[in-house]
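360 is the number of the first residue of the sequence shown in this note's numbering; add one for each residue after it. To start, the structure under review is shown below, and the notes come after it.
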Amino acid sequence: MLISYNWLKSYIPQIPPAEELAELITFHLCEIEGVEKLPSGDSIFDMKILPDRAHDLLSHQGIAREISSLLGIEFQLPVYKQPLNFLKTNLKINIEDSNTRRYMGRIVRGVKVGPSPAWMVTYLESVGQRSINNIVDATNIVLLDCGQPIHAFDLAKLDKEGIVVRNAKDGDSIELVGREKQTVKLKNTDMVITDGVNNLAIAGVKGGLSSGVTEGTQDILIEVANFDAVTVRKTARRLSLQTDASKRYENDLSPTLCDFAMKEITSLVFEMCEGASFEEVVDVYKNVPEVRKVIFSNDYISKMLGVIVPEKEIEKILKNYNYEYTKNRNTWEITVPPMRIDIQGAHDMIEEIGRVYGYDKVIPQIPKINKIYSDNPTWLKICEAKNRLVQDGYREVMTSVFADRGDLEIMASASDKSFLRTNIKDGLSKSYELNRLNAPLLNVNEVKIFEVGACFTKDGSAATKGFGEIKEVVNVCFADKKGITEMSLDKFVGDIILSESILEESSRQLINPNSFKMWSSYPFITRDIAVWVPEGTMPEVLIDIYKDFGTELLVGEPKLFDSFTKSGKTSFAYRLVFQAMDRTLTDEEINKIMSEITKKIVSMGFEVR
């Protein structure tokens with residue numbers, strides 16, 4: 360949201376300079392995405408307000424109150440001039456849906472629609488809004504100032520002086536206000552504001568063109584309402600109508616905000632339209648929220664934050680934020696302000712205190728582990744089994760314990776993972792095939808893999824027990840030229856003791872870790888090339904040519920897979936593997952590289968078979 364520094368200053372005369380303010384907000388409130396200095400001398404902050412605070416911070420007053428509380432400096436309450444007398448009204452408001460939590464309406468007669476005052480135009484333009492007319496601008500000013508959306512209807516364009524809020528009918532349509540004409544189709548899940556006959560606006564989203572305020576408007580109906588956040592969000596998303604109003608309703612608003620907004624809009628119209636008459640407010644507010652109270656202790660604060668917050672500091676924070684509270688020894692009971700709908704429990708208050716106190720004051724500590732270490736015989740056996748297999752040239756793989764078919768079906772799972780495996784062979788076979796296909800890329804002549812993992816028996820009790828007593832279900836499986844073999848861990852290795860040499864080797868690997876090199880997810884291409892060279896020629900001569908002309912697309916070492924000598928000449932057959940990190944290679948690219956390699960080989964007097 361764009362926030363004007365000068366606008367904030369009207370509420371906080373002692374506000375710090377813009378640069379200091381940006382740092383304060385970043386550390387204690389929200390992220391500042393940018394600060395723009397205007398030629399007028401104003402500074403505009405682009406603030407990234409998080410959803411949990413959007414209900415009270417998507418406004419200049421909300422930000423100003425927060426700054427005032429953080430710094431402990433005065434916030435000057437706005438003074439709203441009101442008419443001395445309000446006329447009786449015949450306005451009727453009927454709420455026919457359950458998603459309208461509050462609806463306030465006021466009729467103002469004898470308004471004069473025209474240009475807005477200079478200060479209003481300046482404020483609007485500073486935050487990227489254009490001036491339309493004094494009535495519409497006043498509704499936008501209130502929205503940007505206190506965060507409550509407001510709408511004004513031309514009273515003469517209503518079928519009767521009454522409002523009905525209900526769900527739309529499937530197939531209904533409404534033409535919306537805006538620079539370009541736009542008509543949208545409505546569904547029965549959308550809320551609409553009507554006069555009992557015609558659709559006047561999409562509740563919480565946008566007003567209709569037919570009831571909009573124009574230069575000829577004389578009487579207006581001011582709407583200040585509170586709508587269900589989920590309903591507004593669904594309608595706005597479905598119709599692709601993201602407006603300033605819907606953005607605020609989507610993040611939920613306190614119904615209490617309607618009171619402040621009605622006073623402010625009344626004051627603005629009263630000042631701009633001399634001689635206008637104001638009728639009483641009609642307020643439909645059925646389910647008034649209960650007062651929320653939160654209890655927490657000093658010990659709970661220290662435990663959750665990891666730092667002891669002085670009691671005086673807690674009291675200072677509560678006072679600065681205007682929390683009503685009582686204290687009994689080390690326990691606090693606070694009354695949550697109605698505007699702060701994000702404060703629902705003690706954990707929210709702990710976060711509030713920590714944010715204001717400063718998370719930078721929380722000193723990182725290493726967790727204290729009091730558990731006494733004990734040997735796990737099963738784990739030691741697994742480690743020894745893995746070490747022996749790796750020493751014999753095997754590579755470890757890990758396959759999923761879930762399968763798309765089997766005997767042990769589990770509930771609430773994906774269709775391809777709805778069974779538990781009863782053996783390791785199936786998954787290991789798939790892994791073997793995948794590794795065999797990629798053998799050229801790995802420069803290996805054989806695939807030797809193994810897996811240590813859990814299997815589940817057909818007996819339900821044994822399967823359940825396997826989670827706790829892994830010794831009964833862990834198996835060692837490996838694949839080699841002889842095929843897939845599966846055996847019990849106990850049969851594979853007996854009781855073992857972790858030798859000092861293993862510990863020393865593990866320590867050495869930690870001190871001198873291997874570096875990681877990212878692999879490509881794109882397919883590779885292989886090319887075989889056989890070359891006749893004079894007998895006695897070292898194969899490194901050809902390897903150097905392949906590396907020099909293979910470009911960066913040549914991966915791994917050229918693999919010699921065949922050689923023989925005949926009639927004073929030796930044939931060396933190599934397999935070259937090409938792969939790119941950012942794309943799928945084409946035959947044309949590789950053919951060009953192989954052509955350059957062939958030219959170099961021929962130029963040296965060798966013969967390509």
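Beta carbons are placed, not taken as given, at the ideal position from N, Cα and C, and that holds for glycine. Bear in mind that the values here come from a model prediction, so they are computed numbers and not experimental data.
In this structure, Glu639 lies away from Phe512, with their beta-carbon atoms at least 8 angstroms apart. Boundaries of the alpha helix (DSSP H) harbouring Arg795: Lys784 to Leu796, taken from the DSSP string.
Within the same chain, and ignoring the five residues on either side of Asn492 in sequence, the residues whose Cβ sits closer than 6 angstroms to its Cβ are Val472.
Under the Cβ criterion (8 angstroms, minimum of three pairs), the segment 687 to 696 counts as touching the segment 649 to 661.
For the 8 angstroms CB-CB criterion, Glu392 and Asp405 form a contact. Sequence-distant Cβ neighbours of Glu455 in its own chain, meaning closer than 6 angstroms and more than five residues away, are Arg525.
Around the C-beta of Pro614, 16 or more other C-beta atoms lie within 10 Å, and the residue is accordingly described as buried. DSSP assignment within the segment 377 to 459 yields the following whole beta strand (DSSP E) runs of 3 residues or more, N-terminal first: 390 to 396, 402 to 407 and 451 to 454. For the pair Thr758 and Glu810, the CB atoms are nearer than the 8 angstroms cut-off. Counting of Cβ neighbours within 10 angstroms places Met708 among the buried residues, the total reaching 16 or more. In this structure, Leu545 lies near Ala527, with their beta-carbon atoms less than 8 angstroms apart. For Leu417, same chain residues with a beta-carbon under 8 angstroms away, outside a window of 5 residues either side, are Met360, Ile408, Gly506, Lys606, Arg607 and Asn610 in chain order. Taking one beta carbon from each stretch, the segment 678 to 686 and the segment 694 to 701 have 3 or more pairs nearer than 8 angstroms; the two touch. In the structure shown, Leu919 adopts extended strand secondary structure according to DSSP, grouped into three states. When C-beta atoms of the segment 588 to 604 are compared with those of the segment 554 to 571, three or more pairs fall below 8 angstroms, so the two segments count as touching. The continuous alpha helix (DSSP H) containing Val480 extends over residues Ala477 to Ser485.
Taking every protein chain shown into account, the CB of Ala477 has fewer than 16 other CB atoms within 10 angstroms, so this residue is exposed.
Following the DSSP letters along the chain, one finds Tyr753 in no alpha helix (DSSP H), marked with neither H nor E. In this chain, the alpha helix (DSSP H) harbouring Glu948 covers Asp946 to Ser962. Secondary structure at Ile522: strand, using DSSP grouped into helix, strand and coil.
Taking a C-beta distance under 8 angstroms as the contact criterion, Val721 and Val650 do not qualify as a contact pair. For Val470, the CB contacts under 6 angstroms within the same chain, skipping 5 residues up- and downstream, are Ile579, Cys632 and Ala635 in chain order. Inclusion of Leu627 and Ile500 in the CB contact set at 8 angstroms is warranted, their separation being smaller than that value. Bounds of the beta strand (DSSP E) holding Phe931 are Lys928 to Phe937. For Val543, the uninterrupted beta strand (DSSP E) run begins and ends at Gln541 to Lys544, by DSSP.
Approximately 5 angstroms separates the beta-carbon atoms of Ala423 and Leu367; this is inside 8 angstroms, confirming the contact. Non-local C-beta neighbours of Gln488 in its own chain, meaning closer than 7 angstroms and more than five positions away in sequence, comprise Asn499, ordered along the chain. Looking only at Ile808, Val438, Tyr364 and Val589, the smallest Cα-Cα distance to Glu792 is reached by Ile808. Where Phe619 is concerned, the enclosing alpha helix (DSSP H) starts and stops at Leu616 to Met631.
Just measuring C-alpha positions, the residue of Ile374, Leu429, Pro375 and Tyr364 sitting nearest Leu397 is Tyr364. When secondary structure is reduced to three states using DSSP, Phe908 falls in the helix class. Between the C-alpha atoms of Ile712 and Leu380 there is a straight-line separation of about 20 angstroms. The beta-bridge partner set that DSSP reports for His510 consists of Glu582. Between the C-alpha atoms of Lys440 and Pro474 there is a straight-line separation of about 21 angstroms.
Cα atoms of Val647 and Gln703: separation of roughly 16 angstroms, rounded to the nearest angstrom. In the pairwise beta carbon analysis, the segment 780 to 799 is classified as not touching the segment 740 to 749: fewer than three pairs are separated by under 8 angstroms.
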